[in-house]
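>
Protein chains: 2
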Amino acid sequence: MRTAYYVSDGTAITAEVFGHALLSLFEVEFKHITLPFVETKEQAEKVLEKIEKSFKESGERPLVFYTIVNIDVRKIVSKSVGVSYNFLDQYVAPLEKVLGVPSKPLKHRTHSIHETTYDIRIEAVNYALANDDGSNLKDFHEADIILTGVSRSGKTPTSLYLALQYGIKAANYPFTEEDMGDILKLPPTLRRFKNKLFGLTINADRLHQIRSERRANSQYSSLRQCKMELREVENLYRREHIPFLNSTTYSIEEISAKILSQTGLERRKY
Amino acid sequence: MRTAYYVSDGTAITAEVFGHALLSLFEVEFKHITLPFVETKEQAEKVLEKIEKSFKESGERPLVFYTIVNIDVRKIVSKSVGVSYNFLDQYVAPLEKVLGVPSKPLKHRTHSIHETTYDIRIEAVNYALANDDGSNLKDFHEADIILTGVSRSGKTPTSLYLALQYGIKAANYPFTEEDMGDILKLPPTLRRFKNKLFGLTINADRLHQIRSERRANSQYSSLRQCKMELREVENLYRREHIPFLNSTTYSIEEISAKILSQTGLERRKY
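So this is what it looks like as structure tokens:
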């Protein structure tokens with residue numbers, strides 16, 4: 326199997342995302358190796374040895390995706406026996422022309438604690454945890470968005486993703502049987518913040534499957550219960566004009582991107 | 326201000342990461358606009374209009390970073406008045422040569438629910454939440470890693486990041502005053518899983534600052550208490566040979582990358 330290396334003097338996240346996107350266009354399996362924080366010539370030499378070793382073992386030239394700010398380190402890594410992808414650098418000179426200013430490469434400018442939005446993201450994560458699953462109804466005024474839906478429709482992971490990646494304060498509120506009575510009504514706590522509500526829904530079969538993995542053969546996981554709850558929340562969303570999304574076939578990345586694009590919610594981090 | 330557009334028929338995450346990395350090399354402020362899920366010609370035409378409008382308003386050609394699988398959509402977006410960066414495509418033909426197979430572009434192959442590791446990541450998030458902050462000591466046998474440290478040393482956000490991004494099951498355990506007595510000893514629950522432990526520490530000044538924001542003028546937040554707790558845990562890490570990291574100047578992305586690289590922990594997702 327061919328090896329793909331992701332090398333950087335930072336986290337190597339940029340190299341990974343780029344490399345992963347490129348390799349996903351091929352129906353080929355790779356062995357992935359990330360080598361972050363390669364900051365000295367000595368470390369760079371060791372990277373060369375590893376790449377060399379992979380080459381010898383597999384007989385196939387490894388692919389090497391890298392973003393390296395330090396020039397000395399970059400020079401060494403660029404000499405590897407791998408097929409190198411230094412995909413950022415070629416754009417720097419043309420972009421300098423477009424912008425009319427020289428670039429000022431600095432290590433650790435992305436994905437670091439020095440990003441101005443870092444503290445906001447951590448605060449948003451703490452907020453999401455403290456306001457998960459209806460556990461706290463007092464701080465909805467601080468929320469950027471309040472996700473609603475039945476139990477296991479994807480609220481919690483989406484809240485966390487919005488917080489971690491975008492610094493968005495997302496609370497989430499689960500509609501439970503108790504809210505449902507004869508007909509599901511919007512609880513007064515939520516009505517006050519109706520403009521912040523975003524609904525999630527999911528196909529009944531999928532919900533039944535997810536709940537069954539947690540609590541098999543219970544009323545909670547029964548298809549009949551799932552169908553009833555979903556019918557109630559979807560009716561509520563329509564009646565109250567709450568924007569909503571069926572999460573069945575979407576990842577949390579996709580759900581989050583769709584929420585942002587549907588609501589126009591401002592993200593704190595790019 | 327110049328506008329940077331990130332356009333895709335998927336989440337646009339790849340375009341964002343690439344564009345952000347490139348723009349971070351410049352000390353220039355940009356207005357960022359992400360347009361995900363551009364999947365039809367009509368939607369693509371609307372993108373053109375938006376880019377055109379930004380150009381007219383600012384007098385500066387917007388930058389357009391895009392990854393688009395659908396050929397018709399791509400053709401339209403590529404005609405915008407912006408400065409376009411179709412940074413993936415140019416690598417496809419050369420990579421086909423290297424790999425000796427044709428590419429098979431498919432929409433939504435990255436960042437989608439169809440990634441084989443998707444369910445693993447969601448399960449890991451649920452695990453991290455259920456095993457956060459020493460709230461559950463019964464399921465450490467399932468953990469890939471157990472983060473330890475004093476309160477507010479970065480354990481929780483790091484656990485969540487490891488789960489969300491890498492599908493790693495990370496529990497976390499806070500050392501509290503009760504664990505400390507005369508000297509901090511490793512609780513028996515942790516000793517059983519000593520090979521899974523990874524310690525976090527942080528500078529006392531920074532911890533004092535973080536805790537003061539939560540509970541000002543308390544013993545909990547006092548510099549003296551912070552120093553004492555940190556001395557105890559660092560002594561424990563050294564005495565018990567637990568690998569550890571000072572998180573003070575690192576982001577959760579950096580902490581996570583360092584943990585992976587230091588422990589050799591296998592990630593479930595690339």
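Residue numbers (our numbering), protein chains in the order written: chain A, 326 to 595; chain B, 326 to 595.
Note that CB positions come from ideal geometry on N, CA and C, so glycine has one too.
Any C-beta of chain B sitting closer than 8 Å to the C-beta of LEU420 (chain A)?
True, the Cβ-Cβ gap to chain B drops below 8 Å.
> Nearest-angstrom Cα distance between LEU590 (chain B) and PHE569 (chain A)?
Spanning the two alpha carbons is a distance of roughly 38 Å.
> Which residues in the same chain as ARG477 (chain B) place their Cβ atom closer than 7 Å to its Cβ, once the five residues preceding and following it in sequence are excluded?
LEU532, ILE535, ARG536
> Thinking just about the alpha-carbon of each residue, which of A:GLU367, A:TYR595, A:GLU502, A:SER543 is nearest to the one in VAL558 (chain A)?
A:GLU502
> How many whole angstroms separate the CB atoms of GLY335 (chain A) and HIS436 (chain A), which I take to be in contact at a CB cut-off of 8 Å?
That belief holds up - the Cβ atoms of GLY335 (chain A) and HIS436 (chain A) are roughly 6 Å apart, short of 8 Å.
> Let me check understanding here. Comparing Cα to Cα, which of A:THR328, A:ALA453, A:ILE393, A:LEU585 lies closest to ILE376 (chain A)?
A:THR328
> Beta carbon of LEU360 (chain B), beta carbon of TYR331 (chain B): below 8 Å?
yes
> Does the distance from the C-beta atom of PRO499 (chain A) to that of ASP458 (chain A) stay below 8 Å?
Taking 8 Å as the Cβ cut-off, PRO499 (chain A) and ASP458 (chain A) qualify as a contacting pair.
> What does DSSP give as the partner residue(s) for THR473 (chain A) in the beta ladder?
A:TYR498, A:GLY524
> Give, in chain order, every residue of the stretch 479 to 499 of chain B whose Cβ lies closer than 8 Å to some Cβ of chain A.
THR481, PRO482, LEU485, TYR486, LEU489
> Put LEU485 (chain A) into one of helix, strand or coil per three-state DSSP.
Of the three classes helix, strand and coil, the one that applies to LEU485 (chain A) here is helix, per DSSP.
> Consult DSSP for LYS366 (chain B) and reduce its assignment to one of helix, strand or coil.
DSSP places LYS366 (chain B) in the helix class (H, G or I) of the three-state scheme.
> With a 10 Å radius around its C-beta and 16 neighbouring C-beta atoms as the bar for buried, classify PRO513 (chain A) as buried or exposed.
exposed
> Could you tell me whether any Cβ in chain B is nearer than 8 Å to the Cβ of TYR410 (chain A)?
yes
> Specify, as a first and last residue, the run of the beta strand (DSSP E) that THR442 (chain B) falls within.
Per DSSP, THR442 (chain B) belongs to no beta strand (DSSP E) and is neither H nor E.
> Would DSSP call VAL353 (chain A) helix, strand or coil?
coil
> Rounded to the nearest angstrom, what separates PHE380 (chain B) and GLN415 (chain A) at their Cα positions?
Distance between the alpha carbons of PHE380 (chain B) and GLN415 (chain A) is about 25 Å.
> What runs of the beta strand (DSSP E), each 3 residues or longer, lie entirely inside the stretch 527 to 586 of chain A?
As far as the stretch 527 to 586 of chain A is concerned, its whole beta strand (DSSP E) runs of at least 3 residues are 569 to 571.
> Could you tell me if ASN560 (chain B) is buried or exposed, where buried requires 16 or more neighbouring beta carbons within 10 angstroms of its beta carbon?
Exposed is the call here.
> Below 8 Å between beta carbons: does that hold for LYS594 (chain A) and TYR491 (chain A)?
yes
> Put VAL426 (chain B) into one of helix, strand or coil per three-state DSSP.
coil
> 8 Å is my cut-off, CB to CB: does HIS533 (chain A) come that close to chain B?
no
> Taking a Cβ distance cut-off of 9 Å, strictly less, list which residues of the stretch 575 to 589 of chain A are near chain B, in chain order.
TYR575, SER576, ILE577, GLU578, GLU579, SER581, ALA582, LYS583, LEU585, SER586
> In whole angstroms, what separates the C-alpha of LEU347 (chain B) from that of LEU413 (chain A)?
6 Å
> For VAL402 (chain B), name the three-state secondary structure that DSSP assigns.
helix
> Take every Cβ of the stretch 437 to 450 of chain B, pair it with every Cβ of the stretch 566 to 582 of chain A, and state whether three or more of those distances are shorter than 8 Å.
Judged by Cβ distances under 8 Å, the stretch 437 to 450 of chain B makes contact with the stretch 566 to 582 of chain A, as three or more pairs qualify.
> Can you tell me whether DSSP reads SER478 (chain B) as helix, strand or coil?
coil
> Measuring straight from C-alpha to C-alpha, what distance separates ILE393 (chain B) and ALA529 (chain B)?
48 Å
> Taking the alpha-carbon positions, what's the ILE338 (chain B) to THR339 (chain A) distance?
11 Å
> Taking a cut of 8 Å between CB atoms, which residues from the stretch 356 to 373 of chain B lie near chain A?
HIS357, THR359, LEU360, PRO361, PHE362
> What whole-angstrom Cβ distance do ILE493 (chain A) and ASP469 (chain A) have, given they're in contact under 8 Å?
5 Å
> Which residues in chain B have a C-beta closer than 8 Å to the C-beta of ARG434 (chain A)? List them in chain order.
Residues of chain B with a Cβ closer than 8 Å to the Cβ of ARG434 (chain A) are, in chain order, SER349, LEU350.
> Relative to chain B, which residues along the stretch 371 to 391 of chain A have a C-beta separation below 8 Å, given in chain order?
ARG386, LEU388
> According to DSSP, is LEU388 (chain A) part of a helix, a strand, or is it coil?
strand
> What does a CB cutoff of less than 6 Å around ALA455 (chain A) pick up in its chain, not counting 5 residues either side in sequence?
Short of 6 Å from the beta carbon of ALA455 (chain A), and not among the five residues preceding or following it, lie these beta carbons of its own chain, in chain order: ASN461.
> Are the C-beta atoms of ILE527 (chain A) and some chain B residue less than 8 Å apart?
no
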